[in-house]
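Taking it in order: structure first as structure tokens, then the write-up.
Residue numbers (mature numbering (1 follows the signal peptide of the UniProt record, and there is no 0)): -21 to -1, 1 to 330.
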């Protein structure tokens, strides 16, 4: 999630000043459900940080429920690239080792993100050749390190403006060109590991049709130019006031290009919707409906296009959304790792 998007969500969360939990009932949650990975006919993922793996309860829940791991932030430039240009890999190495030890797929996330401006890159002179060499070296080092371990990569993340006007400004766009920096990233990543699909990942593709159209237009241009884009990621960060049908429409649109689809970061914020739907029970029902709609729409894709379905966190207490609202409950499992009504709805959507 970008800082600007967090600021927008924070504004929405200001509507949630009243304490609804103290005087309301919530949806009854199932006492036990079969593991998510056992009922799905595709990989089911979650995101993790390396420090979380030291928590036995967290590690147990992840291994029981999921079949794929995405590093939440430790494969991003902000972690890997140091001010002097050196690379560090301790965090992602721990996650990769945990995935290997427990038979889980590792998904690489993410190589190039518009909000990153590492000092080591900013300090390079304006000479294009030198910048391209550093760009290639970084992508080659990261992808090459996890060759044979990562099953795929988010190569470029969140590149389309929310209004659909085109590719975002960034250090990479400034130095290498708005679309050329994207093409170069895919070509460098493909050279480093030719055997894995390379994804383009973005958010609000469900709720902003103009952004989705621009996203698909970019992919079509890249493919026409021979750029090895191998899949499309839709983050699916939602708020529990969203009407029905938007997720299905977005997934159908994205699938129209024939590429594998990754629901890559799904969560459904309840706190962000309290200003519109006052009854927490209504919010939980809407949350459950959105999870069911997403799993159903994804399940209806051809098998070759169902790359994976990732929930952005295992327990509510692990969610990044807690930074904006400490009582938000956007995930499938509560803070104690118990399945919620949303988890039951997600599983029912598969059927």
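Heads up, the beta-carbon is just placed ideally off N, CA and C, and yes, glycines get one too. This one's a predicted model, so the numbers in the text were calculated from it and none came from an experiment.
In this structure, residue 219 keeps its C-beta atom at 9 Å or more from the C-beta atom of residue 193. Taking the CA atoms as reference points, residue 9 sits about 14 Å from residue 263.
The three-state reading of DSSP puts residue 299 in helix, counting H, G and I together. The Cβ-Cβ distance between residue 274 and residue 178 does not fall below 9 Å. Between residue 163 and residue 29, the alpha-carbon positions lie close to 30 Å from each other.
Runs of the alpha helix (DSSP H) spanning 4 or more residues and lying entirely within the region 201 to 267 occur at 225 to 234, in chain order. A check of alpha carbon separations from residue 135 across 277, 110, 59, 152 identifies 152 as the nearest.
Non-local beta-carbon contacts of residue 248 in its own chain, meaning distances under 6 Å to residues more than five positions away in sequence, involve 218, 300, 307, 309 in chain order. It is roughly 13 Å from the alpha-carbon of residue 200 to the alpha-carbon of residue 146.
When only Cα atoms are considered, residue 272 and residue 324 end up about 9 Å apart. In terms of Cβ geometry, residue 132 and residue 214 do not form a close pair [threshold 9 Å]. Secondary structure note for residue 290: its beta strand (DSSP E) is the uninterrupted segment 285 to 290.
Cα atoms of residue 126 and residue 120: separation of roughly 10 Å, rounded to the nearest angstrom.
Residue 181 is bridged by DSSP to 213. Excluding sequence positions up to five before and after residue 283, its CB lies within less than 8 Å of the CB of 239, all in the same chain and listed in chain order. In the DSSP assignment, residue 166 falls within the unbroken alpha helix (DSSP H) covering 159 to 171. Residue 108 counts as exposed, since fewer than 16 other C-beta atoms from the protein chains shown sit within 10 angstroms of its C-beta. In the DSSP annotation of this structure, the continuous segment of the beta strand (DSSP E) that includes residue 49 starts and ends at 47 to 50. Within the DSSP secondary-structure output, residue 86 pairs in a beta bridge with 131.
For the pair of segments examined, the region 92 to 107 was found to touch the region 59 to 68: the number of CB pairs separated by less than 8 Å reaches three.
Collapsing the DSSP output to three states places residue 94 in coil. Around the C-beta of residue 172, 16 or more other C-beta atoms lie within 10 Å, and the residue is accordingly described as buried. Per DSSP, the unbroken alpha helix (DSSP H) holding residue 119 starts and ends at 107 to 124. Nearest C-alpha to residue 51 among 39, 225, 24, 138: 24. Nearest to residue 316 by C-alpha distance, out of 20, 43, 22, 16, is 43. Here residue 122 has 168, 171, 172 as same chain residues with Cβ atoms under 6 Å from its own Cβ, once five neighbours each way along the sequence are excluded. Taking all protein chains shown into account, residue 328 has 16 or more neighbouring C-beta atoms within 10 Å of its C-beta and is therefore buried. Rounded to whole angstroms, the gap between the alpha carbons of residue 68 and residue 204 is 33 Å. Bridge partners of residue 81 according to DSSP: none are assigned. In the DSSP assignment, the residues bridged to residue 24 are 47, 289. Selection 319, 87, 195, 91 evaluated against residue 235 yields 195 as nearest (Cα-Cα). In this structure, DSSP gives residue 66 an extended state, which the three-state scheme calls strand. At the C-beta level, residue 231 and residue 287 stay beyond 9 Å of one another. Closest in alpha carbon position to residue 321, among 94, 297, 260, 302, is 260.
Residues of the same chain with a CB within less than 7 Å of the CB of residue 130, apart from the 5 flanking positions on each side, are 84, 85, 86, 175 in chain order.
The bridge partners DSSP lists for residue 74 come to none.
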